[in-house]
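Here is the structure we will look at.
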Amino acid sequence: MDIPSHLLEILQKAERVAVLTGAGVSAESGVATFRDPDGLWAQFRPEELASMDGFLTNPERVWQWYQYRRTVIHSVQPNPGHHALAQLEKLYPEFTLITQNVDRLHQAAGSTKVLELHGNIVENYCSRCRTPYSQEIDTQAQEPPRCPHCRALIRPAVVWFGEMLPADVVEQAEEAAQRCHVFFTVGTSAEVYPAAALPYLAKRCGAYVVELNPSTTAFSPYADLCIHAPSGQSLPRIVELLKETIL
Ligand code: BJW
Ligand code: ZN
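Per numbering that gives the first Met the number 0, the very first residue in the sequence shown carries number 0; after that it's consecutive.
Listed below in structure tokens is the structure:
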């Protein structure tokens, strides 16, 4: 895998770096992506499992799907890509890690500040009164519990299709995209908005935008540089070379 020397020169000079990650970053940990041929949406219908309509139509089915994914996520570890991003954070005075992932593997790898655009799969909240229920739910339960305050169904703390993303998180992500000198878009198909708009925003605001993905995406034609390799390989190599040039 070739890491062009001009990328290292740009990274050496940069003071502000932002990174957007997607499901591909966790693929090498054994977490399925969504839109790859072996991804979750090849097996399951997104509108049935990742929407409020789907949840209200069949709460048990949706709850069991999330319980299954929770057991997968509890059994996996961060991979070299996650660890490299945790190291990259330490090299810059201003570093922003924005993720669409709900698996918390960035935090497990040691990233200290992670902007979670699509929430997380660990916690829950009441679908009516929005009372948060953080990790107090029995992961073996086969149907969603009811909120003790209002008796409505408790749901996973993820963002489903048609739902607004947390406004404060989006605001911080957009600010980072606007301010950064280098923006990485890593392991995402760049198809789901508003997250997919961030690399375009960064580019419009003058950042050098690098895509790390084994495949071509909707954003690839607009990237300044595409490195077609698994992020568990490209990210550690970039960090290794950067450390060599800085020291
Ligand atoms: C590797 C690799 C390796 C493999 N290394 N890489 C029409 C046009 C525009 C927008 C819309 C539209 N119709 C509706 C919308 C809005 C909608 C949307 O964008 N839909 C598009 C699909 C068209 N967005 C929303 O609804 C969002 N809310 C919103 O817009 O609110 C305003 C609004 C309100 C009311 C009405 C309309 C608008 C919410 C989006 C929520 C997304 N939720 C999910 C599920 C989260 C919970 C859960 O996990 O169950 O988030 S969907 C799913 O997709 C998940 C992901 O975070 C998200 C993005 O996927 P990601 O991460 O990119 O994964 P993949 O699988 O797509 O790609 C993996 C990539 O990895 C691939 O490129 C591989 O090549 C690569 N890869 N191995 C590196 N080893
Ligand atoms: Zn409630």
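Yeah, the Cβ is synthetic: ideal placement off N, Cα and C, and Gly gets one too.
Below 8 Å, enough C-beta pairs join the segment 19-29 and the segment 98-112 to call them touching: three or more.
Inclusion of residue 213 in the 8 Å shell around the ligand BJW follows from its C-beta lying nearer than that to a non-hydrogen atom of the ligand. Short note on residue 154: C-beta not closer than 8 Å to any heavy atom of the ligand ZN. Counting the other Cβ atoms within 10 Å of the Cβ of residue 106 gives 16 or more, which makes it buried. Beta-bridge partners of residue 220 (DSSP): none assigned. Between the ligand BJW and the CB of residue 35, the shortest heavy atom gap is smaller than 8 Å. The count of Cβ pairs closer than 8 Å, one atom from the segment 135-147 and one from the segment 51-69, reaches three, so the stretches are in contact. Distances from the alpha-carbon of residue 185 to those of 147, 10 and 25 put 25 closest.
The set of residues whose C-beta lies within less than 6 Å of a heavy atom of the ligand ZN reads, in chain order, 125, 127, 128, 130, 146, 148, 149 and 151. Rounded to whole angstroms, the gap between the alpha carbons of residue 210 and residue 228 is 10 Å.
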